[in-house]
Amino acid sequence: MRVLGAILAGGQSRRFGSDKAGALLDGRTLIDHVRAALSRQTAAIIVCGRPGYGPVIEDRPRSGLGPLGGLCAALAYGGASGFDAVLSVPCDTPDLPDDLLTRLSRAPLPAFVAELPVIGLWPCALSPLLDAHLERSEDRSLRAWARAAGAHAVELVAVPTNINSPDDLSAYRHG
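Using our numbering, read the sequence shown as starting at 1236 and increasing by one per residue.
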């Protein structure tokens, strides 16, 4: 299976107060920690919705749709580029497991991390279904999309840390 890594980075970082993707942790940006973890597991990586951090694609069908806009763009791009699936992760999870792809691919696809559904393995063939979901549904949550797609929740022993605020980053540094 040829997998595209998609870093979902289109948020406005309201809770963080500044560009969360560029926040430093151990001398590297959060997004660089995520990119390093994905590079060991996927054939290629794109960044969805955040210029300045590598190959970027714009959210689909438009910006302002939250993580689903980035995922929608990644699925369409992945399908058009010969990938079978997209491994989606947010830009603010610096401790992704090195075997994340393996763990998710053990479940029937699509699959997502139960506690953090923005992390998921989504077949590119779902692109038209997500386009339709965004067209007709007002619920832009990843959980609603996962239900609509028939995705399977995967429980992880250690859930990746999701850094949403400067306090979260400080706690992670000292934890």
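All C-beta atoms in this analysis are idealised placements derived from N, C-alpha and C, irrespective of residue type, glycine included. Source: prediction; values computed, not measured.
Looking at the DSSP output, F1347 sits in a beta bridge with G1355 and A1388. Take P1343, set aside five residues on each side of it, and the residues of its chain with a beta-carbon closer than 6 Å to its own are H1387, in chain order. Rounded to whole angstroms, the Cβ separation of V1324 and I1242 is 6 Å, and the two are in contact under 8 Å. Scanning A1279, L1260, A1258 and A1272 for the CA closest to the CA of R1237 turns up A1279. Distance from the CA of D1402 to the CA of G1410, rounded to the nearest whole angstrom, comes to 12 Å. Relative to G1289, the option among P1302, R1338, T1277 and D1267 whose CA is nearest is D1267.
Around the CB of T1328, 16 or more other CB atoms lie within 10 Å, so the residue is classed as buried. Exclusion of the five residues before and after T1277 leaves V1238, L1239, G1240, L1322 and L1336 as the residues of its chain whose Cβ lies within less than 8 Å of its Cβ. Between P1302 and L1369, the CB-CB gap reaches or exceeds 8 Å. For L1306, the CB contacts under 6 Å within the same chain, skipping 5 residues up- and downstream, are S1323 in chain order. Secondary structure of V1269 (DSSP, three-state): helix.
The three-state reading of DSSP puts T1264 in strand, counting E and B together. With respect to the C-alpha of I1281, the residue from G1299, A1320 and A1360 having the closest C-alpha is A1320.
Using a 10 angstroms sphere on the CB of P1345, the tally of other CB atoms reaches 16 or more, which defines it as buried.
The beta carbons of R1275 and D1333 sit closer together than 8 Å.
For L1391, same chain residues with a beta-carbon under 8 Å away, outside a window of 5 residues either side, are P1332, R1338, V1348, A1349 and E1350 in chain order. For A1308, the enclosing alpha helix (DSSP H) stretches over residues P1302 to A1315. A1309 is positioned such that its CB atom lies closer than 8 Å to that of C1283.
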